[in-house]
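Line by line, the protein sequences are chains A and B. Under the working numbering, the first sequence has 401 at position 210, and the numbering climbs by one with no breaks. Under the working numbering, the second sequence has 193 at position 192, and the numbering climbs by one with no breaks.
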Amino acid sequence: MLSYIAIAILGISAIMGLFQKKAAYLGILVGSAYYMLSGFNPADQMSYFILIACLVWILVSLYSLSYDRHYGKWLASSMALMIMGMVIILQSTNYLLLITGWETMSVPAYVIVGMNKRDSAPAFTFMMFSEFSTILIISGAVYAFFITGTLTFTQIPSYGPLLLISMGALIKMGMTPFMISEWLPIAHGNAPANASAALSATMTLMGVFAIMKMILVSPDVIWIGYIFLAIGSISILFASIYAYISENMKMLAGFSTIENNAAILSAMGLYLIASEVVLRQFIFATIIIFALSHSISKTGLFFSIGNSPGEYFGESGHPTSYGQRVGTMLTTMSLSGLFPTIGGLATWMLLEAFFMEAYAGGAPGMSAIVVGSVIALGEGMATGSMMKILAFGNLFHRKLERKHSPNQAIISGIGLVLIFLFAISIFIVSGTFISGVPGVLVFNGFTITSRFGKADFGLISPDYVVLLITAFSLAAYALFRKPRLRDVPVWNGGSAEVDPYTSYAYSNNIRLMLRRVLRTKTGAFGNAVTVIDVFWLIMTDIGKGYRAVSKFITLRVMNSSIGWYMVYMIAAFLVIMLIAVLVY
Amino acid sequence: MPPHEYGDLPVHKMAPGEFNFQYGPSTGGLMESVGITLTTPGELINSVAVDFSFKSRKLNLRGKSIRDALLTVERINGFHAASNSLAFLMSVEDALGMEVSEEVQKARILQLELERIRSHLEVIKRLCEPAGFGVPVNQLGYLREKISRIISRAAGHRFFFGANAPGYCSVSGSGINEKLREAGKEFQRIYAGLLESKIFLNRLQNNGLTRDNFLTGPAARASGLRYDSRIDSATLPYGDTPFYPVIREEKDCFGRFNVRGEEILNSIDIIASLGNIKETGKPSLQEGDGQGCARLESPQGDIFYYAGLNNGLIEDIWHVSPGTLNIRAFQESMKGNIFTDFHFNWESFGIWISEVGVVFQ
Chain A
192 MLSYIAIAIL GISAIMGLFQ KKAAYLGILV GSAYYMLSGF NPADQMSYFI
242 LIACLVWILV SLYSLSYDRH YGKWLASSMA LMIMGMVIIL QSTNYLLLIT
292 GWETMSVPAY VIVGMNKRDS APAFTFMMFS EFSTILIISG AVYAFFITGT
342 LTFTQIPSYG PLLLISMGAL IKMGMTPFMI SEWLPIAHGN APANASAALS
392 ATMTLMGVFA IMKMILVSPD VIWIGYIFLA IGSISILFAS IYAYISENMK
442 MLAGFSTIEN NAAILSAMGL YLIASEVVLR QFIFATIIIF ALSHSISKTG
492 LFFSIGNSPG EYFGESGHPT SYGQRVGTML TTMSLSGLFP TIGGLATWML
542 LEAFFMEAYA GGAPGMSAIV VGSVIALGEG MATGSMMKIL AFGNLFHRKL
592 ERKHSPNQAI ISGIGLVLIF LFAISIFIVS GTFISGVPGV LVFNGFTITS
642 RFGKADFGLI SPDYVVLLIT AFSLAAYALF RKPRLRDVPV WNGGSAEVDP
692 YTSYAYSNNI RLMLRRVLRT KTGAFGNAVT VIDVFWLIMT DIGKGYRAVS
742 KFITLRVMNS SIGWYMVYMI AAFLVIMLIA VLVY
Chain B
2 MPPHEYGDLP VHKMAPGEFN FQYGPSTGGL MESVGITLTT PGELINSVAV
52 DFSFKSRKLN LRGKSIRDAL LTVERINGFH AASNSLAFLM SVEDALGMEV
102 SEEVQKARIL QLELERIRSH LEVIKRLCEP AGFGVPVNQL GYLREKISRI
152 ISRAAGHRFF FGANAPGYCS VSGSGINEKL REAGKEFQRI YAGLLESKIF
202 LNRLQNNGLT RDNFLTGPAA RASGLRYDSR IDSATLPYGD TPFYPVIREE
252 KDCFGRFNVR GEEILNSIDI IASLGNIKET GKPSLQEGDG QGCARLESPQ
302 GDIFYYAGLN NGLIEDIWHV SPGTLNIRAF QESMKGNIFT DFHFNWESFG
352 IWISEVGVVF Q
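Dropping the structure here:
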C-alpha cells in the first residue's frame, strides 16, 4: 500500500509539470526516492528491479533540472507519467495492472519521442512496435486467465503465457524475434537525452522484469530457453556490429541497449536450460547485476551524449571538462565490461555462467559454449563502439572546459557510482557466492565466487581490485608526482595539412570486412561506402508487403462487394473457432 | 609538382565520408621524402596522390663540361648511378657521334646487371619488411651488401662513381663470377622460401593490380607487357647474352616480385656470359657540338637522356625517369585496396623519388 503513495506523487508531478517543470522533476526525484525506500527489500530478488529503476530515475531527475531548457512543459509531465507507468508495472500483482502500467508507460513515451523532431516517423515507429508489444502481452494475460481462471500472478501449468508475454516484452527491449529492431535506436535516439536515458535504461528493464516474472510463475520449458539463447546471441552480435558502425551517438547507444538486453535475455535462456540449482541462483544474480550495470551505465552514456552540441560524431567543437571525460570514460568502461566498474563484474559473471553450464555437456553444454563465445565476441565489439564514443565524443578535437556545469558533475558522479557499485557488489550478490581466500590475505566476505557445485569455478575480489588500483596509482603519484606535460603541435609526417581522423573511418574496417552481412557498397549514391541494415530492410519490406496486400484486397476484392465480405466473415469465424478448439 | 597536374590523371572528387590521410613526407616506413595523400573513408583507399616535390632538385648543368656534368648525374641516385651515368654518357656519345668499342659496351652491361641485382634485392627486402619477415629482411640485406662489395671490387666504388667516361669504362670482371654464383644460390634459397610462404604471398597476390599499359620496367613486365629496352638496344649487345625478358601476367605485387626475383637470376647468367671484362679504352673528353639521346633499361625501367652539346659543354639536358610512369601506375593501382596493402604495393613498384624529382636547368 505504501508503494501506491509513490504512484500518487508521480501522478501529481505530472500535473505540476504543466505549470512548473522543475517542480515535476523534483516530484520524480522525491517519488523515486520514496519508492526505493518503501519498495526495495534485499531479501526479495525481484525487488532489485525497483532499486535499479529508482536509482536511474533519481539520476534522470537530477540531470533534467538543468537539462530541460529547450523543451516545453510536456516533457516533464510526460516523463512523470511514463515513470508512473513503470512503477505500476513493478508494483503489479496481476495481469491487469501489468497491462495498465505497460500502456501508461508507452503512451507518454510516444509523446516524448515525438516532441524532439519535426519528423513524425520515429514517434509513429515507436507507437507501432509499442502497440504490437501490448497486443502480445494482452494475449498472454488472456491466455493465463483462460488457464488459471484468475488475473493474479499464480503458477501456470502452460508455457503459452510465458511465450506470448516474453515476445511482447522482447519487442520493447528492441528484439523482434530473431531480428534486432532498429525501431529502438530510432525512437530512443530521437527523444531528448534525459528521456532517452529513462527509455533505454528503465523501459527496457520493464521488459526484463516482465519476462523474469513470467519465468517464475511458468513451468521450466527448456526449448523456450533455447529460443531465448538464439534470439539473444543473434541480437548481441548484430546489435554490437550496428552500434560499432553507427554515426549517430544516440543511435549507437540505442544499439548498445539492444546488445545489453540481448545479453540479459541470453542469461534468462540459460536460466531456463540450466538444471543445477546453485547455477540457477548464480544466473539470477547475474541478471540482476547485469541489469544494474546496464541501467546506470546507459544513463551516464545518454547524459554524456546529451551534453554534446549535436547527435552526430562529426558535430564536434564542444569543450568538455575533466569531470565529463572521467565520467564518460568510466561509463564506457562499464559498458565495455571492463574492471573496476560494475559492468566488468556483470560481464565476468555472465561469461562465467555460460562456461559453467558448458560442464553440463550435451545440447545445453554445447549451446552454452556457442552463445558464451558469441557474447564474448559481442563484448569485444561493444568495447570498440564505446571507445568510439569516448574518443570522438569527448577526447578528440575538444578543448577542456574549466567551468563546471551541474550536468558535468552528474556525469562524473555516475562514473564514480559505477566504481562504487563494483566495490559494494559483495553486498548485492547472494551470500551463497561470497567467500574469501584468507591464505593470500583476501579475507572471507570479500570475494565473489562463481560455482555450480561445491567446488569454485572462478573468483573476483572487487574491493581488492579497487584498492590495488588506488594504492598503485597513489604510490605512482607519490613517487613521480604529477607528470610534466608539454603541448606540441601534432606531427603529421611533416605536412601542414591535417585532416582529422573521423569516426566514420574508425569503424569502416567492419563495414568492409562484413560486406556480405552489411551489404556494403562502395561508391553507391555518391557516397564512399554505404551499408544496409538487413533486419530493418526485411521489416520494412514486410510492412510494405502487408500494406500492398491490404490495399489490393480493399480495392479489388472487398470493394463494396457484400458477397466477398460475407466469405471473409465466415472464413475469419472458422479460423477463430479452430484456434479456440486447438487451444482448449 | 602536385601529382594531379602530372600526366592525365583525373582529380578525385571527394565523396561524403571521405577524408585525406596524409602519409609522409617525413615519417617512418618511407625510404625517401615523399608526400602521399590517401583519400579514404577509412581502411579503403579510394584515391592516392603522390607528391614528390619534397625531394625536388633543380640541377643546373648548362655550360658545364661533360666531366663536371657526369659528377652530378651519377649522384642523382646513388643506387642507380650506373644507369643514370651510362644513359647520360650514351646520349653524349650519340651527340658527338662517337664509336664505342664492344668491350666497353659489355663492361656497361656488367655494370647495369650488377646494379639490377642489387636494386632488385633491395626492393624484395623492402617487400619483406611490412610483412614483418625479419629473417629474410636481414638475409637479403646481407646479400645486397655482398653485391655492393662485388661492385666495389669491380668498379672501385660501391656506386660506380668515377668508373665511366665517354667511350671508357674502368670496370674489371675478374673473380666476380664465382662470388655472384654463390650469392645467386643464397638468393634462390631465400626466394624459394618466400614463394612457399602463404602469409607473404597473400599480401602480394591481387594487391595493386595495374589497370592500363602506362608502365615501364618490372612493373610493365609483371603486367604481361613485353617492355624492356634490352630487347632492342641499339648499342648494348644484349643479343650476345642469355638475356630474356621475364614476363608475367599477374599484374599485381606478386607479379612484380616474381619478375624481380627471376631477373636477379637472369642477370647473374648474363654477367657470367660476358667473360672476363677488363678495364677498356681510354677516357675520351672530346669537344664538339651536337644533339643526342639514349635509353637503357635501369632496374626500375626505361630511363631516357637527351643531351645538347656546344663546344663540349652542356647546352641542354633533360631526362625521363621510369618513376614518372610508374608513380602514375601506382596511384591507379592503389584504388580499391586497403591500408595494409599500401606498403607492399608501394615497394613493389621500386620507385625512386630522387630520380623523379630532378629537374635539369
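Positions of the beta carbon are idealized from the N, C-alpha and C atoms, including for glycine. This one's a predicted model, so the numbers in the text were calculated from it and none came from an experiment.
Identity of the residue in A:N635, A:A715, A:F587, A:I723 nearest P691 (chain A) by Cα: Within the first sequence, numbered from 1, the residue matching residue 691 (chain A) stands at position 500. Nearest C-alpha to P691 (chain A): A:F587.
Residues bridged to N165 (chain B) [DSSP beta-bridge criterion]: Residue 165 (chain B) sits at position 164 when you count from the first residue of the second sequence. Secondary-structure assignment with DSSP links N165 (chain B) through a beta bridge to B:C170.
Would you tell me roughly how many angstroms separate the C-alpha atoms of Y668 (chain A) and A662 (chain A), rounded to the nearest one? Within the first sequence, numbered from 1, the residue matching residue 668 (chain A) stands at position 477. Within the first sequence, numbered from 1, the residue matching residue 662 (chain A) stands at position 471. Between the alpha carbons of Y668 (chain A) and A662 (chain A) lies a distance of about 10 Å.
Between which two residues does the beta strand (DSSP E) carrying I347 (chain A) extend? Position 156 of the first sequence, counting from 1, holds the residue named residue 347 (chain A). For I347 (chain A), there is no enclosing beta strand (DSSP E), as DSSP marks it with neither H nor E.
Check whether the stretch 338–350 of chain A touches the stretch 291–310 of chain A, counting contact only when three or more Cβ pairs, one atom from each stretch, lie closer than 8 Å. The stretch 338–350 of chain A is not in contact with the stretch 291–310 of chain A.
Proximity of L87 (chain B) and R68 (chain B) at Cβ, strictly below 7 Å: Taking the first residue of the second sequence as 1, we reach residue 87 (chain B) at position 86. Taking the first residue of the second sequence as 1, we reach residue 68 (chain B) at position 67. No.
Note down the Cα distance separating I118 (chain B) from I191 (chain B), rounded to an integer number of angstroms. Numbered from 1 along the second sequence, position 117 holds the residue referred to as residue 118 (chain B). Numbered from 1 along the second sequence, position 190 holds the residue referred to as residue 191 (chain B). Distance between the alpha carbons of I118 (chain B) and I191 (chain B) is about 14 Å.
If you measure beta-carbon to beta-carbon, which residues of the stretch 685–701 of chain A are closer than 8 Å to chain B? Near chain B, meaning a CB-to-CB distance below 8 Å, the residues of the stretch 685–701 of chain A are G685, S686, E688, V689, D690, P691, Y692, T693, Y695, A696, Y697, S698, N699, N700.
Return helix, strand or coil for Y692 (chain A), following the three-state DSSP convention. Position 501 of the first sequence, counted from the first residue, corresponds to residue 692 (chain A). Y692 (chain A) sits in coil when the DSSP states are folded into three classes, being neither helix nor strand.
Name, please, each residue of chain A whose Cβ falls closer than 8 Å to the Cβ of G209 (chain B). The residue given as residue 209 (chain B) occupies position 208 in the second sequence. Chain A residues near G209 (chain B): none, gap ~17 Å exceeds 8 Å.
In or out: E373 (chain A) buried (at least 16 other Cβ within 10 Å) or exposed? Position 182 of the first sequence, counted from the start, is the residue given in the question as residue 373 (chain A). Burial call: buried.
Which residues does DSSP pair with W319 (chain B) in a beta bridge? To locate residue 319 (chain B), count along the second sequence from 1; it is residue 318. DSSP lists B:Y307 as partners of W319 (chain B).
K212 (chain A) versus I274 (chain A): straight-line alpha-carbon distance, rounded: Counting from 1 along the first sequence, the entry for residue 212 (chain A) is found at position 21. Counting from 1 along the first sequence, the entry for residue 274 (chain A) is found at position 83. So the two alpha carbons sit approximately 15 Å from each other.
Contact residues within the stretch 28–50 of chain B, judged by C-beta distance below 7 Å to chain E: No chain E appears in the structure shown, which is made up of the protein chains A and B.
In three-state terms, what does DSSP make of N635 (chain A)? Indexing the first sequence from 1 puts residue 635 (chain A) at position 444. Annotated three-state conformation of N635 (chain A) is strand, per DSSP.
Give the residues of chain B in contact with N718 (chain A), contact being defined as C-beta atoms less than 7 Å apart. Working through the first sequence from its first residue, we reach residue 718 (chain A) at position 527. Within chain B, the residues near N718 (chain A) are A16, P17, G18.
One question on the structure: do R145 (chain B) and I152 (chain B) come within less than 7 Å of each other, judged by their Cβ atoms? The count along the second sequence starts at 1 and reaches residue 145 (chain B) at position 144. The count along the second sequence starts at 1 and reaches residue 152 (chain B) at position 151. Inclusion of R145 (chain B) and I152 (chain B) in the CB contact set at 7 Å is not warranted, their separation being larger than that value.
From what residue to what residue does the beta strand (DSSP E) around A573 (chain A) run? Sequence index remark: in the first sequence, residue 573 (chain A) carries index 382 (1-based). Where A573 (chain A) is concerned, there is no enclosing beta strand (DSSP E), although the alpha helix (DSSP H) it sits in stretches over 553–581.
Just list the residues that DSSP pairs K712 (chain A) with in beta bridges. For the purposes of this step, residue 712 (chain A) is taken as residue 521 along the first sequence, with counting starting at 1. DSSP lists A:T721 as partners of K712 (chain A).
Taking the C-alpha atoms as reference points, what is the distance between S229 (chain A) and L242 (chain A)? One-based indexing of the first sequence puts residue 229 (chain A) at position 38. One-based indexing of the first sequence puts residue 242 (chain A) at position 51. Spanning the two alpha carbons is a distance of roughly 10 Å.
Assuming L521 (chain A) contacts A454 (chain A) under a Cβ cut-off of 8 Å, what Cβ separation, rounded to an integer in Å, is found between them? Taking the first residue of the first sequence as position 1, residue 521 (chain A) is located at position 330. Taking the first residue of the first sequence as position 1, residue 454 (chain A) is located at position 263. Contact between L521 (chain A) and A454 (chain A) is ruled out by a C-beta separation of about 20 Å, above the 8 Å threshold.
With three or more beta-carbon pairs closer than 8 Å as the criterion, would you say the stretch 239–254 of chain A touches the stretch 469–485 of chain A? At 8 Å Cβ cutoff, the stretches touch.
Indicate the three-state DSSP secondary structure (helix, strand or coil) for E6 (chain B) in the structure shown. One-based indexing of the second sequence puts residue 6 (chain B) at position 5. The pLDDT assigned to E6 (chain B) is 49, lower than 50, so where the model puts this residue is not dependable; a value taken from the coordinates is nonetheless given after this. Helix at E6 (chain B).
Mind pulling the chain B residues with CB within less than 8 Å of N776 (chain A)? Since the displayed chain A opens at 192 and closes at 775, residue 776 (chain A) lies outside it and no answer follows.
Are three or more beta carbon pairs between the stretch 312–328 of chain A and the stretch 374–389 of chain A nearer than 8 Å? Flag = yes, the stretch 312–328 of chain A and the stretch 374–389 of chain A touch.
With burial defined as no fewer than 16 other Cβ atoms inside 10 Å of the residue's Cβ, what is the status of L765 (chain A): buried or exposed? By one-based count along the first sequence, residue 765 (chain A) stands at place 574. Residue environment analysis places L765 (chain A) among the exposed positions, since fewer than 16 neighbouring C-beta atoms fall within 10 angstroms of its C-beta.
CA-to-CA distance, D411 (chain A) to S457 (chain A), given in whole angstroms: Looking up residue 457 (chain A) in the first sequence gives position 266. Looking up residue 411 (chain A) in the first sequence gives position 220. Using only the alpha carbons, I get a separation of about 15 Å.
Cutoff 8 Å; reference S66 (chain B); Cβ partners in own chain excluding five residues on either side: Position 65 of the second sequence, counted from the first residue, corresponds to residue 66 (chain B). Correct list, in chain order: L286, G313, L314, I315.
With 16 other Cβ atoms within 10 Å as the buried cut-off, status of N214 (chain B): Translated into the one-based positions of the second sequence, residue 214 (chain B) becomes position 213. By the 16-neighbour rule on beta-carbons within 10 angstroms, N214 (chain B) is exposed.
What residues are listed by DSSP as bridge partners for N798 (chain A)? Because chain A in this structure spans residues 192 to 775, residue 798 (chain A) falls outside the shown range and cannot be described.
Do the stretch 260–277 of chain B and the stretch 233–250 of chain B make contact, defined as three or more Cβ pairs closer than 8 Å? In the pairwise beta carbon analysis, the stretch 260–277 of chain B is classified as touching the stretch 233–250 of chain B: at least three pairs are separated by under 8 Å.
Would F345 (chain B) and L141 (chain B) qualify as a contact pair, given that the criterion is a beta-carbon distance under 7 Å? Looking up residue 345 (chain B) in the second sequence gives position 344. Looking up residue 141 (chain B) in the second sequence gives position 140. It is not a contact, given that the beta carbons lie outside the stated cut-off.
For L632 (chain A), which of A:N750, A:I753, A:Y655 has the nearest alpha-carbon? Taking the first sequence and counting its residues from 1, the one referred to as residue 632 (chain A) is at position 441. Here the closest residue by C-alpha is A:Y655.
Between the beta-carbon of S257 (chain A) and the beta-carbon of N598 (chain A), is there less than 7 Å? Position 66 of the first sequence, counting from 1, holds the residue named residue 257 (chain A). Position 407 of the first sequence, counting from 1, holds the residue named residue 598 (chain A). It is a contact, given that the beta carbons lie within the stated cut-off.
Is it the case that the Cβ atoms of V51 (chain B) and I339 (chain B) are separated by a distance below 7 Å? In the second sequence, the residue the question calls residue 51 (chain B) occupies position 50. In the second sequence, the residue the question calls residue 339 (chain B) occupies position 338. No, Cβ-Cβ distance for V51 (chain B) and I339 (chain B) is not below 7 Å.
Can you tell me which of the three DSSP states L23 (chain B) falls into? What you label residue 23 (chain B) is simply residue 22 of the second sequence in a count that begins at 1. Residue 23 (chain B) is actually Gln in this sequence, not Leu. The answer is strand: DSSP assigns Q23 (chain B) an E or B state.
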